[in-house]
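**Student:**
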Amino acid sequence: MTKKGFIFDLDGVIVDTAKYHFLAWKKLANSLGIDFTEEENEQLKGVSRVKSLEKILSWGNKTISEEKFMELMAEKNEDYLSHISKMDEDEILPDVPRILKLLKELQQAISLGSASKNARTILERVDLKASFDAIVDGNDVSKAKPDPEVFLIAAKQLGIKPEHCIVFEDSVAGIEAANVASMISIGIGSEYVLGHAKYVFRDFTEISDEFIKSLIEN
Ligand code: BG6
Ligand code: MG
95 MTKKGFIFDL DGVIVDTAKY HFLAWKKLAN SLGIDFTEEE NEQLKGVSRV
145 KSLEKILSWG NKTISEEKFM ELMAEKNEDY LSHISKMDED EILPDVPRIL
195 KLLKELQQAI SLGSASKNAR TILERVDLKA SFDAIVDGND VSKAKPDPEV
245 FLIAAKQLGI KPEHCIVFED SVAGIEAANV ASMISIGIGS EYVLGHAKYV
295 FRDFTEISDE FIKSLIEN
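The numbers in the sequence shown follow my numbering, run straight up by one, and end at 312.
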C-alpha cells in the first residue's frame, strides 16, 4: 500500500477548542468596546494569535501601543489557557480516534499542522501526542496560514511529497494553505464556509474507512 501523509489541524478538527478561542477573543474584544460576532470569528480560525488581534483592532478602528498589544495577547492567552486547563479526552471530536487508529493500522504517516503555540500542551491533555509521527505548530513557523509553510514543513518531516499529503482543516485560511501547497484539502465543518476544499464533511463520523482507503490508493 502506498504511503501518504495525513496532516491534521488541531483546533476545531481534533479537539473542540475553537469555541474557547472564540470565548477568549470575544471577551477581549468586548472589553475594548469592540463588537465580535460568530462571522468575524470565522475569519480568525486558523489565523495566528498576532494576526487575530490585528484583525480585531482593525474592525474596531483602534490603534494601540506595541506594549499594550503584547499585554492584550498575553491576556487572551491566559484566558484561553484557563479553559484548556480543564480539558480532557472527552473533548476529542467524534471519531477522530477511529480515523487515527485506522491510519496507523494502514501504516500511513501522520502529522499535526497547527497554528497554535499551545498545540503540544493540548495534545498532552487529551493524551494524543503519541498518535503523531510529526508535530508542527505555531512555534515552528514564521508565516501564518493561509501561507502553506506549516503544511510544507509537516510534509518534509514526514518525508512525503506535498502532492501525496491530505489535510484536514476547519478553517478557510487552512483550506487555502493546503490548496496552495498542492495537497488534498478536506474541510471539516460547513460546506457553505469551506467551499474551496476538495471534500467537505460535517465531522469525522461522516468519513468512512473506505473513503480513507481510497485516498491512500489514488
Ligand atoms: C489556530 C486557531 O489553530 O491557532 C486560531 O484556529 C488561533 O484561532 C491560532 O488564533 C493560534 O493559537 P494560539 O493557541 O497560539 O493562540
Ligand atoms: Mg482549526
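Ideal Cβ placement from N, Cα and C applies to all residues, glycine included.
1. Write down every uninterrupted run of the beta strand (DSSP E) in the segment 129 to 212 whose length is 3 residues or greater and which is fully enclosed by it, in chain order.
2. Measuring alpha carbon to alpha carbon, tell me which of M95, D105, D173 and L126 ends up nearest G283.
3. What separation, rounded to the nearest whole angstrom, lies between the Cα atoms of E243 and G127?
4. In this structure, what does DSSP give as the bridge partners for G99?
5. With a threshold of 7 Å on Cβ separation, who are the neighbours of E169 within its own chain once the five nearest residues in sequence on each side are excluded?
6. Give the single residue among T215, G140, T131 and L117 whose Cα lies nearest to the Cα of D103.
7. Bridge partners for G281 per DSSP, in chain order?
8. Strictly by DSSP, which residues pair up with C306?
9. Looking only at its chain, what residues have a beta carbon closer than 6 Å to the beta carbon of G268, apart from the 5 residues adjacent to it on each side?
10. Quick one: what does DSSP say V230 is sitting in, helix, strand or coil?
11. Determine the direct distance from the alpha carbon of A249 to that of K307, and round the result to whole angstroms.
12. Taking the beta carbon of T111 as the centre, do at least 16 other beta carbons fall within 10 Å, making it buried, or is it exposed?
13. For the putative contact between I247 and F226, defined by C-beta atoms under 8 Å, what is the C-beta separation to the nearest angstrom?
14. Quick test of your reading: F130 and I150, contact by CB under 8 Å. State the CB separation rounded to the nearest angstrom.
15. Helix, strand or coil for V274 per DSSP?
16. Name, in chain order, the residues that DSSP records as bridge partners for V109.
17. Quick check: what's the CA-CA separation for L197 versus S210?
18. Is the distance from the Cβ of M181 to the Cβ of I229 below 8 Å?
19. Assuming the contact rule is C-beta atoms closer than 8 Å, K310 and Q202 should be a hit. Round their C-beta distance to whole Å, please.
20. Just to confirm, are I301 and A291 a CB contact at a threshold of 8 Å?
21. Between the Cα of D173 and those of E132, D231, K113 and K98, spot the shortest distance and give me the residue it belongs to.
**Tutor:** Reading it off the structure:
1. Counting only runs of 3 or more residues that sit fully inside the segment 129 to 212, the beta strand (DSSP E) segments are 203 to 207, in chain order.
2. The option with the nearest alpha carbon to G283 is D105.
3. The alpha-carbon atoms of E243 and G127 are separated by roughly 34 Å.
4. Bridge partners of G99: A203 and C259.
5. Correct list, in chain order: L122.
6. Measuring C-alpha to C-alpha distances from D103 to each of T215, G140, T131 and L117 identifies G140 as the nearest.
7. For G281, which the question treats as bridged, DSSP gives the partners E263 and V294.
8. It should be pointed out that residue 306 corresponds to Ile in this sequence rather than to Cys. For I306, which the question treats as bridged, DSSP gives no partner whatsoever.
9. In its chain, beyond the 5 residues on either side, D103, G140 and K239 have a beta carbon closer than 6 Å to the beta carbon of G268.
10. Here DSSP, grouped into helix, strand and coil, assigns V230 to strand.
11. Rounded to the nearest angstrom, the two C-alpha atoms are 19 Å apart.
12. T111 should be labelled buried.
13. No, I247 and F226 are not in contact; Cβ-Cβ is about 14 Å, not under 8 Å.
14. Contact holds; Cβ gap of about 7 Å.
15. Secondary structure at V274: helix, using DSSP grouped into helix, strand and coil.
16. Per DSSP, D105 and I186.
17. Their backbone Cα atoms lie some 23 Å apart in a straight line.
18. Going by C-beta atoms, M181 is not nearer than 8 Å to I229.
19. Here the sequence assigns Ile to residue 310, which means Lys is not the residue at that position. That belief holds up - the Cβ atoms of I310 and Q202 are roughly 7 Å apart, short of 8 Å.
20. No, these two residues do not count as a Cβ contact at 8 Å.
21. The shortest Cα separation from D173 among E132, D231, K113 and K98 belongs to K113.
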